[in-house]
Structures are given as C-alpha cells and as structure tokens.
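So the structure is just underneath, and the comments pick up after that.
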Amino acid sequence: MSKKKFETRLIHGDDPSGNPGALPDPTTGVSPPIDLSTTYRRTDPRDDSEYIYSRTNNPTRQRLEARLCGLEDGYAAVAFASGSAASMALFQALPAGSHIIVTEDAYYGTLLQLNNIVANLGHHVTAIDTTRIDEVEHAFQDNTSLVWLETPSNPQMRVSDIRRIAALTAQRGAKLCCDNTLASCVWQRPLQLGADFCMHSSTKFFGGHSDVTGGVLIAREASTLLDQVRYIQQVGGAVPSPFDCWLLLRSLSTLAVRVRHQTRSAEQIARHFSNHPHIEQVLYVGLTDHPGHALNQTQMHAGSALLSLLVKGDASTAIKVAQSTQFFAQATSLGGVESLIEHRYSVEGKTSLCPPNLLRLSVGLEHANDLIEDLEQALATAHV
C-alpha cells in the first residue's frame, strides 16, 4: 500500500499495526485512553524498561510524539509543556559558546529567550533579516551552531527561503530549525525542504481550541543534538501532562479541516480589505502583491489563517479598532476555533519591530462574512 495521505495519517497515524502513533487504539479499537500513572512497577530495580517514571516516558506522550513526527515526515519528535520550552531546550542543547542566527522579526517570546536568557548562558545571538540571503551568508561565524528561522514571520508575514538557507547552513556545519507554528504542517513541511529541526507551539493550530498548552521539536534525522534535546526534556522536566497530550491527540484529527477553512476565510478577509479606505496595508502571504508571495508558493503552497492589518492612523486608532470588534476577541494567541485580534506593539513594548498601527488577526471558524462585517463596523467606529 502507498503511503497514506496527510488527512488519513491525522486519524490513523503511520502504521495501523501497532506503532505508538497509530489509531485505532489496539485496546479500545477507536479512541486511545489516557495513561495517568506517574510510575511503573518493575520486577528488578536494575530493569531499564521502556516505562519507569512518567517524566522520562509515558505511553500517551509517546503516542503524541509518534503522531507529530509522522505529520512532519521526521525521524523523531520531542514534546514539551509549551512552545517556549521546546525552543529553550534546543538553545540549551547547543555546545557552549555557540553563535545563533535568528530571524529579526521572529516571535517576540523567542527573541526574549535569546536576548535575556540564552545570551547569559554564554551563547552569542545575531538577529538579521533572513529574507535577504546575502545577510544570512554574511552572518555566519566560525562558531555558528544554529540558524533559527521563522517563515512566514509573526506578525509581519515576511517570507524567507528555507531551501537556500538550509543549503547555506549545511555548508557551514550548523543546524537549521524552522518555527513552523504559523504555517502549520498542513501547508508547509520544513524538514522536506532541508531544515534539520522544526518547532511548533502545539498551543496554536495543533490544539486549536485555546484549552491546552504545548510544544514540540521534530528532527529530520538522528544527531547528537537531538539526543541532547531528549536528555533536556527528560532531566529538565518541562514535559506535557498525559491529559495535555490526550487533548492534542483529540484535536489533531480535525487539524486539516480546521486549518483549510480558516485559511479560506483569512484569504477572503485579506482580499476584502486590501483596498479599503481605512486600511493602509494588508500583510498576507496569500495576496499576489505580497513581496514574498511567489517564494511562499514554492514552499508553503497556500496562505495562512493569520494576517495583519495596518490601520490608517496611529496606535490609538488601531487599539480602538481592536476594542470595537464583537466576534474578534481581543486576546493573545492564534490558531484557535475562535477569531482573535491583538495590537502587538502594546504587547511587545518599545523594543517591538511591529508598526504601532498593526493589528494581528487570527481567523477562526466563524463565517467569513460575519468577520468582515465585524471589522467593517469596528473600523467605522474608530474613524468617526
């Protein structure tokens, strides 16, 4: 039988004959149970069995890791209690005194980690515009160990060339990790484009219901760096609970349906407001006039469920728009079934690279026409 398609793997995993990531569950025949035990009986204290203590391994977490690994066509996945814990584990796993190159407008929490925590560990960080290949090439140093790439970037939606950066990184003997949270594995598979690792905040599209926090690192192949990441997971202890893993497994079944619907609605919203009298610019990779559209089509194959609007006016005008919406909740996060709106400059502070008039929109599962009407009335209210 040929390899199963993505939607089928979401339901049945990669191997229906007993792989930990497979469904139906061999015990229930349908939905997998939660294994809540924190410890496991051994007949001999010297027994180095698969399950000893839930921090080091757990059947429910093992099932989740196998499922996520298969969705990105990876070699192994390592699950964490949050996306931030996942990224932090990779940074901690690097050799002492490493140099890290990072997308300058990557997720703000990642930049906080690198600048305020990782730098204190003795690593050196260089933030650059990764959409410019010449900047990437010139940023490498003799001790560069990792390139952290985010494409499209959050929330400015800049697009970087994963294939070319992966080739440069491999030539220099470093590793490339792509934060694939915003794109989700429905639309983009960085490991297939040459990345060594990809990271997801499972809180977002994987969870999809704004009720579970998690993160995962997925590796393309075996390596000592992967071994160290796994060691940090088990010894550092930032593991997801069995219940969190079960919630994620439940939500993965509907991932493709949710993300495709959300993306269609986001594109409809982006097109509607692309020539709007109260909008200065729409940042959305699915629009043909986006500067990264052509490149994005070669690696992501679609738009996203996230877009940003640059409102005509200043920060106060943008904030008033966000305060005036009814269906868009003014809240942090993305990828959930409910639509969210956020003034990122207020959240990130004066060091933010976001324009003060930018609003980030995470499009949910509401009808696109209702969301458009909601934004229309909010814009009218703010511009009275």
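Counting in this note's numbering, the sequence shown runs from 6 upward without gaps.
C-beta atoms are modelled at their ideal positions from N, C-alpha and C, and glycine is treated no differently.
query: 8 Å Cβ cutoff met for H214 and S258; result: no
query: Sufficient close CB pairs (3 or more, under 8 Å) joining the region 329–338 to the region 300–316; result: no
query: Cβ-based burial, S42 [other Cβ within 10 Å; buried from 16]; result: exposed
query: Complete runs of the beta strand (DSSP E) confined to the region 212–243 [at least 3 residues]; result: 220–224
query: Which of helix, strand or coil DSSP assigns to L15; result: helix
query: For K209, the nearest candidate out of P38, L311, A98 and A227 (CA to CA); result: L311
query: Buried versus exposed call for F248 [16 or more other C-beta atoms within 10 Å across all chains shown]; result: exposed
query: Helix, strand or coil at I324 according to DSSP, with G and I counted as helix; result: helix
query: Neighbourhood of I39 by C-beta, 7 Å cutoff - its chain only, sequence neighbours within 5 removed; result: T65, P247, F248 and W251
query: Length-filtered (3 minimum) beta strand (DSSP E) runs lying within the region 166–194; result: 180–184
query: Extent of the continuous alpha helix (DSSP H) run through F391; result: Absent from the structure is residue 391, since the part of the chain shown begins at 6 and ends at 389.
query: Complete beta strand (DSSP E) runs within the region 263–325 (minimum length 3 residues, chain order); result: 284–288 and 311–316
query: Pick from V368, F278 and Y45 that is closest to L314, judged by C-alpha positions; result: F278
query: Where Q335 sits in the DSSP three-state scheme; result: strand
query: Three-way DSSP call (helix, strand, coil) for I57 in this model; result: coil
query: Cβ-based neighbour list, K317, same chain, cut-off 7 Å, excluding 5 preceding and 5 following; result: H283, I284 and E285
query: Beta strand (DSSP E) segment containing M204, residue limits; result: F202 to S206
query: Identity of the residue in C74, L345 and D139 nearest L173 by Cα; result: D139
query: Cβ shell of S22 (< 8 Å), same chain only, five flanking positions each side left out; result: Since pLDDT at S22 reaches only 41, below the 50 mark, its modelled position is unreliable, and no value is offered.
query: Given 8 Å, three or more beta-carbon pairs between the region 89–100 and the region 234–241; result: yes
query: Counted within 10 angstroms of its Cβ, other Cβ atoms place R137 as buried (16 or more) or exposed; result: exposed
query: Local conformation of E77 per DSSP, three classes; result: coil
query: Extent of the continuous alpha helix (DSSP H) run through S256; result: P247 to L257
query: Segment contact flag, the region 177–186 with the region 140–155, C-beta cutoff 8 Å, min 3 pairs; result: yes
query: From N63, Q267 and L116, residue whose alpha carbon lies closest to that of L345; result: Q267
query: With 16 other Cβ atoms within 10 Å as the buried cut-off, status of M6; result: Any reading at M6 must be qualified, since the residue scores a pLDDT of 49, below 50, and its modelled position is unreliable; the value itself is stated next. With fewer than 16 other Cβ atoms within 10 Å, it is exposed.
query: Cβ neighbours of F145 in the same chain (closer than 6 Å, five flanking residues each side left out); result: R177
query: Residues near Y56 in its chain [Cβ-Cβ closer than 6 Å; skip 5 each side]; result: Y45 and N62
query: Extent of the continuous alpha helix (DSSP H) run through R349; result: R349 to E353
query: Close-in-space but distant-in-sequence residues of the same chain around A323 (CB under 6 Å, 5 per side omitted); result: V316, H348, N362 and L364
query: Close-in-space but distant-in-sequence residues of the same chain around Q193 (CB under 7 Å, 5 per side omitted); result: N185, Q304 and M305
query: Supposed close pair V221, A84 - CB separation, criterion 8 Å; result: 5 Å
query: C-alpha distance - T13 paired with Q239, whole-angstrom precision; result: 31 Å
query: C-alpha gap between G79 and F211, whole angstroms; result: 17 Å
query: Separation of L260 from L76, as counted between CA atoms; result: 11 Å
query: Minimum C-alpha distance to Q100 - residue among A81, H129 and V141; result: Residue 100 is actually Pro in this sequence, not Gln. Out of A81, H129 and V141, H129 has the C-alpha closest to the C-alpha of P100.
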